[in-house]
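J.: Can you read through this structure? Questions will come right after.
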Amino acid sequence: MRRSHPVVAPLEARRLLSAITFAEPGYYPAGLRTPPGHGAEHVAAGDFNGDGATDLVVAGDDISLLPVVQHYARVLLGKGDGTFAAPSPSMPVGVNASDVAVGDFNGDGRLDAVVSEDRDDSLVHVLLGNGDGTFRRAGSFHSGSHSSDLAVADFNEDGRLDVAVANAAPWTPWDSLAPAFPAGALLLGNGDGTLQRERYLFTGGRVQHFVEAGDVNGDGHVDTVFAQVVIGPGDFAAPESLVFASIANMDLPARPATEVPAAVTGLKLADLDGDGRLDVAVSAMRDFMGTNGVAATLSGVGDGRFLAPKLYPVSTAIANDVAVADFNADGRPDLAVSGEDGRWGRPMPVPAVITLENSGGGAFGNGQIFPLPEDAAYPGDLAVGRFNNDVLPDVAVALPGSNQVGVLVNTTKAIVSGPARLRTVSSVLNSAPLARFAVTGARPTADAFAVTINWGDGSRPTAGVVVANDDGSFTVLGSHSYRQARIYRVTISIRWPSAETARHVSAILRVAPRRG
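The sequence shown begins at 792 in the working numbering and counts up by one.
Here it is in structure tokens:
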């Protein structure tokens, strides 16, 4: 049987203007209201009840019947339309939760959570999901000292999830008499929700404040990338941080550090410039003297090292976290930073999410500010997910001041192309289908689009025809005559003028010889 040939492959998409947009924010309680700045601080996204809708797990302070500070983890079940239900019953997670992450730690197909705790003798708490948005405790495991961040991955490639932890102070393994040593911690998973005794992740004698997991040297093994805040933004000196990798299976795993001239507050890994290598995105603070929050990107060299950072001002006095996602569906990852909206001029801060659009080549545009005016404190962590089940990623931001989660549902108008498959074509095309695409938001009529087709044979471009399909998508049709039998790369430009957006796709056509 003859195989069909893929003739449409997504190419780089180009937007006419920065047009990332969100609906008015929604606010969802994460527990009982607490004193300002002590509620929901950390948030992660995942489907905890298996209904296909993305939920949120939140960790932070809450009012307790005990005369001590107590932090909790709770799930807010998503309804699939961008809204969330009341929080599930709480699960205690110590006295100072510092991060939360998700994964299936016991292999039962239900999503679990792990929470790090920042104290002298730190712990990570594994919470097994019951499949209905509630948890049961699997155990608490020593993770070092002042554990400030964690990452989840299969570090030893045994099919079980493990946990890497950043430690902001020197530590020694539990029950060991060895001198304290600055290092990250690796806790290997047993596959039943429990973790093995912690072991060192060597960091070159540096303490760490943030950690992410990914293959940064291209050898197929998961590495760890750390950020160390050397000088904080409140010190009487220029803030400074170091970003460096610890490479798996190396005798000297800690790679040379790259300096960031700011105090890092959030860390993520992604291929930001499209070269196939993982890069680093951070949120950071230069100082507290003005709107000196920044986003910064560090390009990966491919061997575990990173180039000097590119800094992008985000017009916020505080930058607390960074997230990476393709918010405008153009095929390039964008940045989001949790901060505040200084345009309001109010005595109390107005929390905000600031997005920076990826303009290609590892560069980012100016920040767009999306305020959450019903709160009056600085925000906490960010989480990204598809909360209303469309193709666009949405944003959730922890709001400690009111013990809520703010949710921004993405309403960006974008063209989303999909691959199409056609057989070898004849030399004469008559209204042949060349590309298939969909759009986000309200569906327009077919005449809302303008299409230009470059046939790849040196002839003048011609206009294409857009027709609407029954499933809500659209198809581009084109007519042309080729003189020679060969393979042609056809470039199709789809423009949506009213939405100020465009997308380019490529069709590879194999033209058969003429008969006779």
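All C-beta atoms in this analysis are idealised placements derived from N, C-alpha and C, irrespective of residue type, glycine included.
Model, not experiment: these values are computed from the prediction.
Could you name the residues of the same chain whose beta carbon sits closer than 6 Å to that of Ala1290, not counting the 5 residues immediately before and after it, in chain order?
T.: Taking the first residue of the sequence shown as position 1, residue 1290 is located at position 499. Contacts found: Lys1204.
J.: Report the rounded CA-to-CA distance for Asp1064 versus Val1302, giving the unit in angstroms.
T.: Counting from 1 along the sequence shown, the entry for residue 1064 is found at position 273. Counting from 1 along the sequence shown, the entry for residue 1302 is found at position 511. Roughly 34 Å separates the two Cα atoms.
J.: Exposed or buried, what is Pro973 when buried is set at 16 or more other beta-carbons lying within 10 Å of its beta-carbon?
T.: Taking the first residue of the sequence shown as 1, we reach residue 973 at position 182. Counting Cβ neighbours within 10 Å, Pro973 comes out buried, since at least 16 surround it.
J.: Could you say if the stretch 982 to 993 and the stretch 1046 to 1053 meet the contact criterion of at least three C-beta pairs nearer than 8 Å?
T.: Contact fails: fewer than three Cβ-Cβ distances are below 8 Å.
J.: In whole angstroms, what is the alpha-carbon distance linking Asn981 and Ser938?
T.: The residue labelled residue 981 in the question sits at position 190 within the sequence shown. The residue labelled residue 938 in the question sits at position 147 within the sequence shown. Approximately 21 Å, taken between the alpha carbons.
J.: Where does the unbroken beta strand (DSSP E) through Met1076 begin, and where does it stop?
T.: Looking up residue 1076 in the sequence shown gives position 285. From DSSP, the beta strand (DSSP E) with Met1076 extends over 1070 to 1076.
J.: Keeping to the same chain, check which residues put their C-beta closer than 6 Å to that of Ala800; ignore five residues upstream and five downstream.
T.: As a working mapping, residue 800 is identified with position 9 in the sequence shown. Any reading at Ala800 must be qualified, since the residue scores a pLDDT of 35, below 50, and its modelled position is unreliable; the value itself is stated next. These residues qualify, in order along the chain: Ser1297.
J.: Could I get the ranges of all uninterrupted alpha helix (DSSP H) runs contained in the stretch 1012 to 1094, with 4 residues as the minimum, in chain order?
T.: Taking only runs of at least 4 residues, no alpha helix (DSSP H) segment lies wholly in the stretch 1012 to 1094.
J.: If you follow the beta strand (DSSP E) that Val956 is part of, which residue opens it and which one closes it?
T.: Here residue 956 is taken as the residue at index 165 of the sequence shown, counted from 1. Note, Val956: beta strand (DSSP E), 953 to 958.
J.: Under the rule that 16 or more other beta-carbon atoms within 10 Å means buried, what is Asp966, buried or exposed?
T.: Here the question's residue 966 lines up with position 175 in the sequence shown. Asp966 comes out exposed.
J.: Whole angstroms are fine: how far does the CA of Ser1270 sit from the CA of Ser1218?
T.: For the purposes of this step, residue 1218 is taken as the residue at position 427 of the sequence shown. For the purposes of this step, residue 1270 is taken as the residue at position 479 of the sequence shown. Their Cα atoms are separated by approximately 10 Å.
J.: Would you mind reading off the limits of the beta strand (DSSP E) that contains Ile742?
T.: Given that the chain is displayed from residue 792 to residue 1307, the structure contains no residue 742 and the question cannot be resolved.
J.: Give the DSSP bridge partners of Asn1245, in chain order.
T.: In the sequence shown, the residue the question calls residue 1245 occupies position 454. Asn1245 is bridged to Thr1282.
J.: Exposed or buried, which one is Pro797 when buried takes at least 16 other CB atoms within 10 Å?
T.: Within the sequence shown, numbered from 1, the residue matching residue 797 stands at position 6. With a pLDDT of 36 at Pro797, under the threshold of 50, the modelled position of that residue is not reliable, and the figure given next carries that caveat. Exposed is the call here.
J.: Helix, strand or coil, according to DSSP, for Arg1134 in the structure here?
T.: If you number the sequence shown from 1, residue 1134 lands on position 343. It is helical.
J.: Can you name the residues that DSSP bridges to Leu968?
T.: As a position in the sequence shown, residue 968 is number 177, starting the count at 1. According to DSSP, Leu968 bridges with nothing at all.
J.: Using a 10 Å radius around the Cβ and a threshold of 16 neighbouring Cβ atoms, would you call Pro1304 buried or exposed?
T.: Residue numbering aside, residue 1304 sits at position 513 when the sequence shown is read from its first letter. Looking at its Cβ environment, which holds fewer than 16 other Cβ atoms inside 10 Å, Pro1304 is exposed.
J.: With DSSP as the reference, identify every bridge partner of Arg927, one or two as the case may be.
T.: What you label residue 927 is simply residue 136 of the sequence shown in a count that begins at 1. Bridge partners of Arg927: Leu919.
J.: With a Cβ-Cβ cutoff of 8 Å, do Gly1005 and Leu1060 count as a contact?
T.: Locating residue 1005 in the sequence shown gives position 214, counting from the first residue. Locating residue 1060 in the sequence shown gives position 269, counting from the first residue. Contact flag set, yes.
J.: Whose C-beta lies closer than 6 Å to the C-beta of Glu803 among residues of the same chain, with five residues either side of it excluded?
T.: The count along the sequence shown starts at 1 and reaches residue 803 at position 12. Bear in mind that the predicted position of Glu803 carries a pLDDT of just 40, short of 50, making it unreliable; the figure below should be weighed with that in mind. Nothing listed; no residue qualifies.
J.: Three-state secondary structure (DSSP) at Val974?
T.: Working through the sequence shown from its first residue, we reach residue 974 at position 183. Here residue 974 turns out to be Ala, not Val, going by the sequence shown. Looking at Ala974 - three-state DSSP - the assignment turns out to be coil, as it is neither helix nor strand.
J.: Going by beta carbon distance, what residues of the same chain come within less than 8 Å of Met1139, once the five residues before and after it are set aside?
T.: As a first step, residue 1139 is located in the sequence shown; it is residue number 348 there, counting from the start. Hits under 8 Å: Ala1167, Ala1168.
J.: By how many angstroms is the C-alpha of Gly1093 removed from the C-alpha of Arg1306?
T.: Position 515 of the sequence shown, counting from 1, holds the residue named residue 1306. Position 302 of the sequence shown, counting from 1, holds the residue named residue 1093. Whole-angstrom Cα-Cα distance: 51 Å.
J.: For Asp872, which three-state DSSP category applies?
T.: On the sequence shown, position 81 is the one that residue 872 refers to. Residue state, collapsed to three classes: coil.
J.: Quick one: give me the first and last residue of the beta strand (DSSP E) that Gly1158 is part of.
T.: In the sequence shown, counting from the first residue as 1, residue 1158 sits at position 367. Here the beta strand (DSSP E) through Gly1158 covers 1154 to 1162.
J.: Check whether the Cβ atoms of Glu832 and Ala1189 lie closer than 8 Å to each other.
T.: For the purposes of this step, residue 832 is taken as the residue at position 41 of the sequence shown. For the purposes of this step, residue 1189 is taken as the residue at position 398 of the sequence shown. For Glu832 and Ala1189, yes; Cβs fall inside 8 Å.
J.: Check each candidate in Ala976, Arg1234, Val1281, Leu1300 and name the one with the smallest Cα separation from Gly958.
T.: Start at 1 with the first residue of the sequence shown, and residue 958 comes out as number 167. Looking at the sequence provided, one finds Asn at residue 958 rather than Gly. Minimum Cα distance to Asn958 is reached at Ala976.
J.: Under three-state DSSP, which class holds Ala787?
T.: Absent from the model: residue 787. The displayed extent of the chain is 792 to 1307, so no value can be given.
J.: Using DSSP with H/G/I as helix, E/B as strand and the rest coil, what is Ala1120?
T.: Counted from its first residue, the sequence shown places residue 1120 at position 329. Ala1120: coil per DSSP, three-state reduction.
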